[in-house]
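Residue numbers (this note's numbering), protein chains in the order written: chain B, 807 to 1217; chain L, 807 to 1217. Note that CB positions come from ideal geometry on N, CA and C, so glycine has one too. None of the values given here were measured: they were computed from a predicted structure. So the structure is just underneath, and the comments pick up after that.
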């Protein structure tokens, strides 16, 4: 918040702009806390992915609606007012299309509408099981589309856009989308479409991309697409210096997901050099092991402090407050990544002991860097108050349906 | 929790043993969130320490009671049922003794008694401003004692021990306590006294110790004291392999403070090699930027995952659950570090969506590795229920006195 007027005092507490959540796989909320067991002495992202596929195989549109509603209510209570849903759970468990083919997408749209969060729905193009172009595995089959079927889904969803719904376009990853398919989709979608892609999350992916395409993944994107502010690169954990400068110059946004990247052992994004290059970024809760902008921002900064053995990394002479710097950057990239230009309001509880004696200049640091208690009191999205005194307006009914859904998912 | 019966279901929810908080500086709770501003492009532990000294200079016994009461109520609500208070704020701001000399200690004892937490009070011996034996600086003067005055305070406090109060002995650090003074105190205190010391938190300290004493700090302790289960080494961040094995063999406990160590940019403890060596450890909230065993344990594990780029580091074939391993280790060291053999009970809210469909075997992982909501419903200490439905019995009155204290401290 280089503009200090972004924090202001009103009669209900301290007001701040709501936070955009740039990366979500809603169904993964149902497995939070269930994959922290050693299944193999070399547990990694890739063993975790098998657990995730098994859970994904159980979802129907009804179950997805129940889980996403719980998740979106939790997001609103935590201070997120919009979410980019990176959605690849398109088909029935056997791989056949749902009726209608957008049924799983429709469940997410309904969950967002029912809870009152802004949704940027990103149907994901997922075609191959690896850089070699091998077909999807049995467990990946319900994620897949050809280009034409994908564009039909994209158009069907675009027709549903409204005040709190935007449709963007996502490529799962370079390993899942052949270059010619990516080119065909980019040529077909409207010029202002938001474009999201998973990239460079794991070192194995970087190595495979260099072998298959002769370049590191982000370098390949820089060389083969017109990276610009319409693009959001998710994770971008493993970068060399040229890639850091290349993303920063392009105006693309990096969606950092610190709690998921820590949970999965991905590694640490080179934040300090990226900020020095003027790079743009935001946060996402991704796998939802945590649903809190506070934990994402706090541990993004702490990760840097731990490896560099210094303090206050994301701060400068111009904006000495670390949290104000972080929140300012998050707000600056939100519209380009989500497609929403409107800014919603969240109100922090000024009576909470964590804010005792606060002044406007220290509210951000106190929120992000002190304690563990929920401080968000009220949330308004598109003029509607959806959270009051810390409670989502339908918290109990949503939780009740979520418990029923979990019985089926865990049966 | 290698013993799975440590988690059990009762009518109010999921019961677990309460958590011991092995390291606390209560007064620092008042500065949580207030030092996250860049004061210098090379901000470090040492610039943070200057901010901390300025805050310390304002505390009276009354203000310390108000701040410690707020902190201890927060600890109980978070699931901590005992706290080791590493207390060096002994004298009046001008360096003269209080009346009585134990007035500041008495304020902590009263705060623990009033809130109902078990307290292991560790009056700290703090004598010199560095390894060269220079006198304390003006801002450190209120921390200091000669050996005789220190032992008088220790004996006066020992006379106050009771069911929920233990008195141990702490050395601030090797740089603040000359070897002969440490030997004199160790010879004078009863043989079962718990002994705590800050050690190897910062690389600067390691380098200075090697110059002044010809050994790394932990190696010096291994060579010059009888390290054994009475000892708790706080931080021990910077260790070589011989030191890792030496601590593990000694039976001493390491008090890890992951949130403070991240906030201060200390670095990462070599947890994986230490666990492989059979080392004992617990957690502390230290500077209280966070008051949550969940955040300490989660990010202790995540720090390892991030640097090793793998998952589920603190787990094994014998105990596959990461959180059960972590909680089991924490419980196993608690009595030796705190002096309390009794185990208190905390109850997690079984109706919370984060525990939907939980079974005894996954409760620990769900608590530690999912979400950000307080799940502790009830807490009993020494047979008294001090937290019910998530609220400390005196939450509002304590918060009100804390707000008044903060007005004075921030004036």
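Roughly how many angstroms separate the alpha carbons of residue i and residue j, rounded to a whole number?
| i | j | result |
| --- | --- | --- |
| residue 833(B) | residue 862(B) | 7 angstroms |
| residue 1026(L) | residue 1062(L) | 20 angstroms |
| residue 979(L) | residue 937(L) | 10 angstroms |
| residue 808(L) | residue 1130(L) | Bear in mind that a pLDDT of 44 at residue 808(L), under 50, signals an unreliable position, so the model cannot answer this. |
| residue 1191(L) | residue 1184(L) | 7 angstroms |
| residue 998(B) | residue 1037(B) | 10 angstroms |
| residue 950(B) | residue 900(B) | 12 angstroms |
| residue 968(L) | residue 995(L) | 18 angstroms |
| residue 1022(B) | residue 1154(L) | 46 angstroms |
| residue 939(L) | residue 1059(L) | 28 angstroms |
| residue 1188(L) | residue 1148(L) | 8 angstroms |
| residue 1002(B) | residue 989(B) | 14 angstroms |
For residue i, collect the residues of the same chain with a Cβ closer than 7 angstroms to its Cβ; drop the 5 residues on either side in sequence, then sort them by chain order.
| i | result |
| --- | --- |
| residue 1007(B) | 1041, 1043 and 1072 |
| residue 853(B) | 845 and 846 |
| residue 897(L) | 903, 904 and 948 |
| residue 920(B) | 875 |
| residue 953(L) | 987, 990 and 991 |
Give a yes or no on whether the minimum CB-CB distance between residue i and chain L is below 9 angstroms.
| i | result |
| --- | --- |
| residue 1208(B) | yes |
| residue 830(B) | no |
| residue 1028(B) | no |
| residue 868(B) | no |
| residue 1009(B) | yes |
| residue 840(B) | yes |
| residue 1012(B) | no |
| residue 1105(B) | yes |
| residue 906(B) | no |
| residue 979(B) | no |
| residue 1037(B) | no |
| residue 1046(B) | no |
| residue 853(B) | yes |
| residue 1199(B) | no |
| residue 881(B) | no |
| residue 1095(B) | yes |
With a threshold of 9 angstroms between beta carbons, is residue i in contact with chain B?
| i | result |
| --- | --- |
| residue 1163(L) | yes |
| residue 827(L) | no |
| residue 843(L) | yes |
| residue 1127(L) | yes |
| residue 1065(L) | yes |
| residue 1115(L) | yes |
| residue 878(L) | no |
| residue 1077(L) | no |
| residue 865(L) | no |
| residue 833(L) | no |
| residue 1083(L) | no |
| residue 861(L) | no |
| residue 823(L) | no |
Considering only heavy atoms of the ligand ADP, does any lie closer than 8 angstroms to the CB of residue i?
| i | result |
| --- | --- |
| residue 1153(B) | As presented, the structure is devoid of all ligands, the ligand ADP included, so that no description of it is given. |
Cβ atoms of residue j and residue i: under 9 angstroms apart, would you say?
| i | j | result |
| --- | --- | --- |
| residue 973(L) | residue 981(L) | no |
| residue 1066(B) | residue 1098(B) | no |
| residue 1116(B) | residue 883(B) | no |
| residue 826(B) | residue 1140(B) | yes |
| residue 888(L) | residue 1144(L) | yes |
| residue 1126(L) | residue 843(B) | yes |
| residue 891(B) | residue 926(B) | yes |
| residue 1086(B) | residue 1120(B) | no |
| residue 942(L) | residue 932(L) | yes |
| residue 934(B) | residue 984(B) | yes |
| residue 1106(B) | residue 1077(B) | yes |
Strictly by DSSP, which residues pair up with residue i?
| i | result |
| --- | --- |
| residue 819(B) | 816(B) |
| residue 1041(B) | 1005(B) |
| residue 1056(B) | None, per the DSSP bridge assignment. |
| residue 976(L) | 930(L) and 1002(L) |
| residue 1086(B) | 1059(B) |
| residue 968(L) | 971(L) |
What residues in its chain sit with their C-beta under 8 angstroms from that of residue i, if we drop five residues either side in the sequence?
| i | result |
| --- | --- |
| residue 1113(B) | 1074 |
| residue 810(B) | Confidence at residue 810(B) is low in this model, with a pLDDT of 47, below 50, so the placement of that residue is unreliable and no value is reported for it. |
For residue i, which residues from the same chain have a beta carbon less than 6 angstroms from its beta carbon, with the 5 sequence-adjacent residues on both sides left out?
| i | result |
| --- | --- |
| residue 1156(L) | 819 and 820 |
| residue 1205(L) | none |
| residue 1197(L) | none |
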